[in-house]
Every structure is written in C-alpha cells, then in structure tokens.
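Start counting the sequence shown at 571; every next residue gets the next number (my numbering). A virtual CB, placed ideally from N, CA and C, is assigned to each residue, including glycine.
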Amino acid sequence: MSFLRELHKNKSIYAMALPGLLFLLVFAYLPMVGHVIAFKKFSVSKGIWGSEWNGFNNFKFFFGSDDWIRVTLNTMGLNALFLVFGLGLAVILSIALNEIHARLYKKLAQSIIFLPYFVSWLVVSLMVFGLLNSTNGMINHELQSLHIGAIDWYSTPAYWPAILTVISIWKFAGYNSIIFLAAISGISDELYESARIDGANRLQQIFYITFPLLRPTLVILTLLAVGRIFYGDFGMIYGIVGENSLLYPTTDVIDTFTFRALRGLGDFGMASSVALYQSVMGLLTILLFNGLVKKYDPDSRLF
C-alpha cells in the first residue's frame, strides 16, 4: 500500500520516468531471455524454445580453449588502462577548463576536446594507419628524420596496449571531462570565496575543495566502468587491429575472439555462452567494488 501511495503522491515524477523505464525494459531486460540459448543446441528452424537443451556444452567452446585466459586478461588489462588514464586525464581537463574565464575561449576549448567523441572507429583506424604504417607512416618518417630506426608497429604487440590507451584517451577524455565539469559547476562559490578569504591560492582551492567534491562523481563513473571491465570495445579493437594475428598476444579481447569463432562456426549458442560469462563476471565485479565503496565511502556507493 505504501508503494501505491508513493506512486499516487509523485505520479507526475514517475510519469516522466516512464519512457526511460520502458526503454530499459525493452532493450535491456527483455533481451536477457536470449541467454537461454547458451544452454541449448540452437537451431534457427526450431527457434529458441524448440531447440534441444545441451547443458554446459556451449561453454566448452570458450573454456576448452587455451586462449580464454589470455583474452580475459587482455580485456581486463586494456579496460583497466582506459579507466585509470582516461578518467584521470578527464578530471585534469575538467579542472583546466574550469580555470578558463574567457567564455568564448572556454566554449571553443570544450568543443575541440569533445569533437573526437563523434569520430567513428573506421575513421580513427585510417588515421592510426596513416600515423603508424611501416612504409610511409608519419611517425616512422619523423623517427627517420631524427636518425632513429623505423619501428614496425603492426608486428610488435608490446606497443599496442599503450597505443590503444592513447587512442581511447583521445576519443573519450573530452566526453568524460564534460561530466566532471558539470559536477564542478555545481560546487558552491561560497566555498571558494571562504577559501580565498582564508588566504588559499587557486592551487590550494583545487586540492582542498574541487578534488574532494569531485570524488563521488569519480567513484560512480569508475563503478560504471568496472561493470563493463569484461567487455572489450569491439568497434575499437577490431577496427584498428583487424585480423592482424601478430598483435593478438596483447590486443585480442573476448569480443574479437568470439566474433572470429562465431564467423567460423556460426554457432549462436557458443556466442551466447560467452556473453553470459561476460555478464555474470561484470555483475560480480561491480557487486564486489560497490561493496568495497559501501564499506569505506558509503556516500559514494552506486546502490
């Protein structure tokens, strides 16, 4: 009864939330029924419910391979690099943007750093190839002009975690910095005014006011990113690395591994088993980290 009373009391607010809830229901929760394919010998002609059950046999495709540990570690490692350096630089960018007082210059700077977010991975892959290819790549050309030997980037896997991290930062740091900038704009000017009266310089105001008050936003964005730490950015990795097997030791992630297997075998049950593995591990990870945040910083927890 209290739930119905709450609905009636705030019916206009819940009415505004209804489109978002329907979107979640249709595009996030209803597709979860498809995970049942992971436990079936799926046949398109028989459909989901007509196909035979085959237990955990579909999971043998992934866990029976020697590559599952490698692609899992690659996925987690790359996402950790993107998370740490991406959010770190986004915080620095947002504070730097907040320090710009000329309105026109501030808007121009925001637009420039936000622009890479709208560039497609296909265009990014062509830009990266133009920079790194071994024949006439711009970076190798500059290295040779400095009498440094050219590097065959596309056959040296050790460089690619750093390269992909730089590309991820270039594309997403501006987008994330806008979120932090919005959080900074919500900080009361009275706090900065009080600090100035007490003699704090601008750097001290950043360290003792801006950074602490940005912490809840940073923790929530980190938790959201941790929830997808088992998902590789397929568009990014496959668009830039493609089918270059020389780079698989450091760039092959769960999604690209599954795509190649699905293309070769055409087995939807096997692909669904990997998707279920990613979902379960992501759920466990975010529960673990949210529990840690709840213990040490309850005000910043996600739920």
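Taking buried to mean at least 16 other C-beta atoms within 10 Å of its own C-beta, is K741 buried or exposed?
Numbered from 1 along the sequence shown, position 171 holds the residue referred to as residue 741. So K741 counts as buried.
Using 10 angstroms around the beta-carbon of I802, count the other beta-carbons present and answer buried if the total reaches 16, otherwise exposed.
The residue you call residue 802 lines up with position 232 of the sequence shown. It is worth fixing the name first, because residue 802 is Gly in this sequence and not Ile. Burial call: buried.
In three-state terms, what does DSSP make of K616?
The residue given as residue 616 occupies position 46 in the sequence shown. DSSP places K616 in coil when its eight states are reduced to three.
Kindly identify the DSSP beta-bridge partner or partners of W623.
Along the sequence shown, read from residue 1 onward, the residue named residue 623 stands at position 53. Partner(s): K610.
Which ranges does the beta strand (DSSP E) cover as unbroken runs of at least 3 residues, wholly within the region 707-789, from first to last along the chain?
Runs found: none.
When the Cα of I665 is compared with those of I682, L773, A732, which residue comes out closest?
What you label residue 665 is simply residue 95 of the sequence shown in a count that begins at 1. It is L773.
Where does Y801 sit, in a helix, a strand or coil, going by DSSP?
Along the sequence shown, one-based indexing puts residue 801 at 231. Three-state result, Y801: coil.
Nearest-angstrom Cα distance between Y729 and L702?
On the sequence shown, position 159 is the one that residue 729 refers to. On the sequence shown, position 132 is the one that residue 702 refers to. Approximately 11 Å, taken between the alpha carbons.
For L574, name the three-state secondary structure that DSSP assigns.
The count along the sequence shown starts at 1 and reaches residue 574 at position 4. It is helical.
Report all residues from its chain with a CB closer than 7 Å to the CB of V698; omit the five preceding and five following residues, and keep chain order.
Taking the sequence shown and counting its residues from 1, the one referred to as residue 698 is at position 128. For V698, where only same-chain residues beyond five positions count, the Cβ hits under 7 Å are I737, I810.
With a 10 Å radius around its C-beta and 16 neighbouring C-beta atoms as the bar for buried, classify V689 as buried or exposed.
In the sequence shown, residue 689 corresponds to position 119, counting from 1. Flag for V689 reads exposed.
Measuring CB atoms only, is the region 792-802 touching the region 605-625, in the sense that at least three cross pairs come out at less than 8 Å?
Output reads no: the region 605-625 does not touch the region 792-802.
Throw me the rounded Cβ distance for the V789 and V863 pair, which I believe falls under 8 Å.
For the purposes of this step, residue 789 is identified with residue 219 of the sequence shown, where counting begins at 1. For the purposes of this step, residue 863 is identified with residue 293 of the sequence shown, where counting begins at 1. Rounded, the Cβ-Cβ distance is 6 Å, consistent with contact.
Would Y808 be called buried (16 or more neighbouring beta carbons within 10 Å of its own) or exposed?
Numbered from its first residue, the sequence shown carries residue 808 at position 238. Counting Cβ neighbours within 10 Å, Y808 comes out buried, since at least 16 surround it.
Can you grab the Cα-Cα spacing for the pair N710 / I721, in whole Å?
As a working mapping, residue 710 is identified with position 140 in the sequence shown. As a working mapping, residue 721 is identified with position 151 in the sequence shown. If you take the alpha carbons of N710 and I721, they lie about 7 Å apart.
State the DSSP-derived secondary structure class of V689, mapped to helix, strand or coil.
What you label residue 689 is simply residue 119 of the sequence shown in a count that begins at 1. Coil.
What is the DSSP secondary structure of S704, reduced to helix, strand or coil?
For the purposes of this step, residue 704 is taken as residue 134 along the sequence shown, with counting starting at 1. S704 falls in the coil class under three-state DSSP.
Excluding sequence positions up to five away, which residues of its chain have a Cβ less than 7 Å from the Cβ of S621?
For the purposes of this step, residue 621 is identified with residue 51 of the sequence shown, where counting begins at 1. Only K610, K611, F612, S613 meet the Cβ criterion.
Compare the C-alpha of T826 against each of L846, P727, N644, D869 and name the closest.
Residue 826 sits at position 256 when you count from the first residue of the sequence shown. Ranking L846, P727, N644, D869 by Cα distance to T826 puts N644 first.
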